[in-house]
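Undergrad: This structure is in structure tokens; I'll ask about it shortly.
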Amino acid sequence: MNPTTTRPGAEHTDRPADVTAAGRRRGGSSARPPRSSEGRGYSALHHIILSIWALLVILPLLWTVYTSFKTSQEILTDPFGLPAEPQLENYSRAWTEAKIGQYFANTLIVVGSALIIVMLLGAMCAYILARYRFPGNRAIYFGMVAGLTFPIFLAVVPLFFVLRNMGLLEGRMGLVGVTLSYVAFALPFTVFFLHSFFASLPEEIGEAAAIDGAGDFRTFFQVMLPMAKPGLASLAIFNFLGLWNQYLLPLVLNTDRRNYVLAQGLVNLQAQQGYKVDWGGMFASVVITVIPVIVVYVIFQRQLQGGVGPSTNK
Amino acid sequence: MTSPDTFVGHDEAAATTTPVVRRRRRRPSLERMLFFLVFLGLPLVVYLMFVVSPFLQSFYYSLTNWSGLSPSMDFIGLENYERIFGDAVFWKSLRNNLILLVLLPTITITLSFALAVMVTIGGSTHGGVRGVRGAGFYRVISFFPYAVPAVITGILFNFIYHPGGGLLNGFLNLVVGAVNAVIGLLGLGPVPEIHNAWLGDQRFALAAVAFAMIWTFVGFYMVLFVASIKSIPSEVLEAARIDGAGRLRTAVQVVAPMVRDNISTAVVYIGIFALDAFTFISVMTPNGGTGNSTKVVSLHLYQTAFRDGRFGEASAMGVLMAIVTMLVAVVVITVGRPRKDER
């Protein structure tokens, strides 16, 4: 809105891009006299090692995907063979009978709202702690960051009763309780990550905004938050993966079967199966759960290159 | 009526003439107070209510014989701790945690660092220092396992390790088949097919679970290391090369010290994970394996609390593990960064 505030902003958002650009520059053009002839041999060796690792990663995933189209009989008798006829029913069975559809919706609701709330609360808190000096600031910051080392399983038992006393455990309210605990446990990492980000924004920006008459709220929402976008983006990916990944919290706190998230639903499905195993449906459920996360990652993975952790974008 | 106006006017004047210092000394304005209340108060309330207070409560519960169901509980001092110290399953679980604590960071970080180095500076020695071709492809693929939820990874590896139709036995039996074909020609008896239940066998179970964990984490830390290696000025790497340092030496003596902070962060994170490990263990071996071969403290705690209804004792276990976790974090951080001034 005003030249003094936008210019440093542009400079900052450029920074992570610069890092990757530097990497590319190094990779590409600079001409150096050629050295040892064994270099090519090393390069080939590296390719072999990297390919082995890539195969180790890809093969189990591919195997899961095509196995999900086989009948249970085929899976047991011939683990490697391709399906004689793609069993699309595996998917419809997983979606409806195994209730993966319902768990999917629950997961989206819980993870989606927890993600939005924790990003907002975390950014607010990190911003205040990074940009304002007041007594107790350091104490609060360290109290927050110490939360990173608290083992969740120590807290789940009392947390269970905290939520029960607030009426956030039974029925549909259970989802609220789970969401709030997701938020609370993702908060330390979020604050830790964004603190260094906000601290690195030049002092003058806040002053320029103040001179222009922007209050604290406006400065935050219209100046600071947009400048923190690169950091917010990578953080959002980490938080999304982390929350989608949660298992212990829902296992203990999300006891109503209608509220199950995918992780619970799948474990339950696997445990229930016993002897009348619906392997096809099981594999299909796994694929349904994995695909969205992989898609989200592939779309946004570029964001992760500039600044992965708070300590890397120095 | 007029006071808010003069307030703002004063604020502006202060900001323009003597910016920072005087503004800070003034009494906070109403907006500032509201701002603090919302921006600091709200997150703090959530954090205190759902993280800090349960933690503090569990310290108290650990000194009681609370069953979880009954509202009443007696203060029994350190009795829970005594009971835990005499509990063979607890020691076995702790031992498994400690094995993971050594195994996971060592293997994961070595592997991910090596892969990151190959991707960033392992390329052809002609021209500038660069990564191998298709570096982006390897990097993106390697991250996939981290995007798969741990529960799914556990289930996936349950399939892979399955004694009947599992991928691992299937693969090994392909090898066995080939071997049999060869030694059959020599007139030797066939090697039996493998139908190992990897997760049910005490000898392999913990290693099998650990492999699934390593599979998950390597790509994540590889991406982390790639980003930090890329932020090393290229002059440094080229200087090393001109001085005649080979790739291995460059990686160990030049790159590793420069990404030291990241390595120690990685050790802390993987270490904290190794002391928890609940998800993988409970999905892959729901009861902690044959003869508790894969049981970890978090699973033991979970069973003590929710299956046996001994919340007091479970809390005491949690407190002990929290202390161990903090100790590990502090040790790694102090060992990991002797040079704090270097940014």
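Line by line, the protein sequences are chains W and P.
The first sequence begins at 3 in the numbering used here and counts up by one.
The second sequence begins at 72 in the numbering used here and counts up by one.
A virtual CB, placed ideally from N, CA and C, is assigned to each residue, including glycine.
1. Quick one: which residues of the region 78-92 of chain W get their C-beta closer than 7 Å to a C-beta of chain P? List them in chain order.
2. Tell me the DSSP secondary structure of F146 (chain P) in three-state form.
3. Give me the DSSP bridge partner(s) of T135 (chain P).
4. Taking a contact to mean a Cβ-Cβ separation below 8 Å, would you say F349 (chain P) touches F155 (chain W) in this structure?
5. Please classify E87 (chain W) as buried or exposed, where buried requires at least 16 other C-beta atoms within 10 Å of its C-beta.
6. Please name the residue, chosen from P:I226, P:R204, P:M388 and P:P142, that lies closest to L152 (chain P) on a Cα-to-Cα basis.
7. Just to make sure I have the definition right: I need the residues of chain P whose C-beta is within less than 8 Å of the C-beta of M2 (chain W). Which are they?
8. If I'm right that A235 (chain W) touches V122 (chain P) with Cβ under 8 Å, what's the distance once you round it to whole angstroms?
9. Please determine if the region 239-249 of chain W and the region 292-307 of chain W are in contact, where contact requires at least 3 C-beta pairs separated by less than 8 Å.
10. Mind checking if L237 (chain W) is an interface residue toward chain P, Cβ cutoff 8 Å exclusive?
11. Are the C-beta of Y118 (chain P) and some C-beta of chain W separated by less than 8 Å?
12. What is the rounded straight-line gap between the Cα of A128 (chain W) and the Cα of Q224 (chain W)?
13. Starting from L231 (chain W) and walking both ways along the alpha helix (DSSP H), at which residues does that stretch end?
14. If you reduce the DSSP assignment to three classes, tell me which class L257 (chain P) lands in.
15. In chain order, what residues of the same chain lie with their CB nearer than 6 Å to the CB of G207 (chain P), ignoring the 5 residues before and after it?
16. Quick check on the DSSP output: what are the complete alpha helix (DSSP H) runs of length 4 or more inside the region 113-200 of chain W, in order along the chain?
17. Hey, M229 (chain W) and F110 (chain P): beta-carbon distance below 8 Å or not?
18. Please classify W55 (chain W): does DSSP put it in a helix, a strand, or coil?
19. Hey, how far is the Cα of W286 (chain P) from the Cα of A212 (chain W)?
20. Could you pull the start and end residues of the alpha helix (DSSP H) that R166 (chain P) belongs to?
21. Rounding to the nearest angstrom, what Cα-Cα distance links R259 (chain W) and N244 (chain P) in this structure?
22. Would you be able to state if there are at least three C-beta pairs under 8 Å between the region 204-224 of chain P and the region 76-83 of chain W?
23. How many Å lie between G380 (chain P) and D145 (chain P) at the Cα?
24. For the structure I just gave you, are there three or more beta carbon pairs, one from the region 133-141 of chain P and one from the region 196-207 of chain W, closer than 8 Å?
25. Can you have a look at S141 (chain P) and say buried or exposed, based on whether 16 or more other CB atoms are within 10 angstroms of its CB?
26. Please report whether the beta-carbon of D145 (chain P) lies at a distance below 8 Å from any beta-carbon of chain W.
27. Within the same chain, show all residues whose beta-carbon is closer than 6 Å to that of V116 (chain P), passing over the 5 residues directly before and after it, in chain order.
28. Identify the continuous alpha helix (DSSP H) that holds L295 (chain P) and give its terminal residues.
29. Using only the alpha-carbon positions, how far apart do I192 (chain P) and D332 (chain P) sit?
30. Taking Cβ-Cβ distances below 8 Å as the criterion, which residues of the region 361-382 of chain P are in contact with chain W?
31. With a cut-off of 8 Å, does the C-beta of V402 (chain P) fall near any C-beta of chain W?
32. Specify the secondary structure class of V297 (chain W) as computed by DSSP and reduced to three states.
33. Using a Cβ-Cβ cut-off of 8 Å (strictly less than) and excluding sequence neighbours within five positions of Y373 (chain P), which residues of its own chain qualify?
34. In terms of alpha-carbon separation, which member of P:I231, P:S143 and P:A345 lies closest to T396 (chain P)?
35. What residues from chain B crowd round L238 (chain P), counting only those whose CB sits closer than 7 Å?
36. Contact check, M293 (chain P) vs S183 (chain P) under 8 Å by CB: the rounded distance?
TA: This is what the structure gives:
1. L78, P81 and F82
2. Position 75 of the second sequence, counted from the first residue, corresponds to residue 146 (chain P). It is a strand residue.
3. Working through the second sequence from its first residue, we reach residue 135 (chain P) at position 64. P:F146, per the DSSP bridge assignment.
4. Residue 349 (chain P) sits at position 278 when you count from the first residue of the second sequence. Residue 155 (chain W) sits at position 153 when you count from the first residue of the first sequence. Going by C-beta atoms, F349 (chain P) is nearer than 8 Å to F155 (chain W).
5. Working through the first sequence from its first residue, we reach residue 87 (chain W) at position 85. E87 (chain W) is exposed by the Cβ-count criterion.
6. Translated into the one-based positions of the second sequence, residue 152 (chain P) becomes position 81. In the sequence as presented, Leu is not what sits at residue 152 (chain P); that position holds Tyr. Out of P:I226, P:R204, P:M388 and P:P142, P:M388 has the C-alpha closest to the C-alpha of Y152 (chain P).
7. Residue 2 (chain W) lies beyond the residue range present for chain W, which begins at 3 and ends at 316; the question has no answer from this structure.
8. In the first sequence, the residue the question calls residue 235 (chain W) occupies position 233. In the second sequence, the residue the question calls residue 122 (chain P) occupies position 51. About 25 Å; that fails the 8 Å criterion.
9. yes
10. Your numbering for residue 237 (chain W) matches position 235 in the first sequence. It does not: the Cβ of L237 (chain W) has no partner Cβ on chain P nearer than 8 Å.
11. In the second sequence, counting from the first residue as 1, residue 118 (chain P) sits at position 47. Answer yes: the Cβ-Cβ gap between Y118 (chain P) and chain W drops below 8 Å somewhere.
12. Residue mapping note: residue 128 (chain W) aligns to position 126 of the first sequence, counting from 1. Residue mapping note: residue 224 (chain W) aligns to position 222 of the first sequence, counting from 1. Spanning the two alpha carbons is a distance of roughly 16 Å.
13. Counting from one through the first sequence, the residue named residue 231 (chain W) turns up at place 229. The sequence shown places Lys at residue 231 (chain W), not Leu. Taken as a continuous stretch (DSSP letters only), the alpha helix (DSSP H) holding K231 (chain W) covers K231 to N247.
14. Position 186 of the second sequence, counting from 1, holds the residue named residue 257 (chain P). Three-state DSSP puts L257 (chain P) in coil, outside helix and strand.
15. Here the question's residue 207 (chain P) lines up with position 136 in the second sequence. Hits under 6 Å: none found.
16. 139-148 and 154-167
17. Taking the first sequence and counting its residues from 1, one reaches residue 229 (chain W) at position 227. Taking the second sequence and counting its residues from 1, one reaches residue 110 (chain P) at position 39. Contact flag unset, no.
18. As a first step, residue 55 (chain W) must be located in the first sequence, where it is residue number 53. Helix.
19. Against the second sequence, residue 286 (chain P) aligns to sequence position 215. Against the first sequence, residue 212 (chain W) aligns to sequence position 210. Roughly 50 Å separates the two Cα atoms.
20. Indexing the second sequence from 1 puts residue 166 (chain P) at position 95. Run containing R166 (chain P): A159 to I192, per the alpha helix (DSSP H) assignment.
21. By 1-based counting over the first sequence, the position of residue 259 (chain W) is 257. By 1-based counting over the second sequence, the position of residue 244 (chain P) is 173. Their Cα atoms are separated by approximately 41 Å.
22. no
23. Locating residue 380 (chain P) in the second sequence gives position 309, where the first residue counts as 1. Locating residue 145 (chain P) in the second sequence gives position 74, where the first residue counts as 1. Each residue's Cα considered, the two are about 15 Å apart.
24. no
25. Position 70 of the second sequence, counting from 1, holds the residue named residue 141 (chain P). S141 (chain P) comes out exposed.
26. Position 74 of the second sequence, counting from 1, holds the residue named residue 145 (chain P). No, D145 (chain P) does not count as interfacial toward chain W.
27. Taking the first residue of the second sequence as 1, we reach residue 116 (chain P) at position 45. Closer than 6 Å at the Cβ level, and outside the excluded window around V116 (chain P), lies no residue.
28. Stepping through the second sequence from its first residue, residue 295 (chain P) is reached at position 224. Looking at the DSSP string, the run of the alpha helix (DSSP H) that includes L295 (chain P) is A276 to K301.
29. Working through the second sequence from its first residue, we reach residue 192 (chain P) at position 121. Working through the second sequence from its first residue, we reach residue 332 (chain P) at position 261. The straight-line gap from Cα to Cα measures roughly 19 Å.
30. S369, L372, Y373, A376, F377 and F382
31. What you label residue 402 (chain P) is simply residue 331 of the second sequence in a count that begins at 1. Taking Cβ atoms only, chain W never reaches closer than 8 Å to V402 (chain P), which makes this a no.
32. Position 295 of the first sequence holds residue 297 (chain W). Here V297 (chain W) sits in helix by DSSP.
33. Position 302 of the second sequence, counted from the start, is the residue given in the question as residue 373 (chain P). Within the same chain, Y373 (chain P) has close Cβ partners F349, S353 and A385.
34. Residue numbering aside, residue 396 (chain P) sits at position 325 when the second sequence is read from its first letter. Of P:I231, P:S143 and P:A345, the residue nearest in Cα terms is P:A345.
35. Among the chains of the structure shown, chain B does not appear; the protein chains present are W and P.
36. As a first step, residue 293 (chain P) must be located in the second sequence, where it is residue number 222. As a first step, residue 183 (chain P) must be located in the second sequence, where it is residue number 112. Right, their Cβ atoms sit about 4 Å apart.
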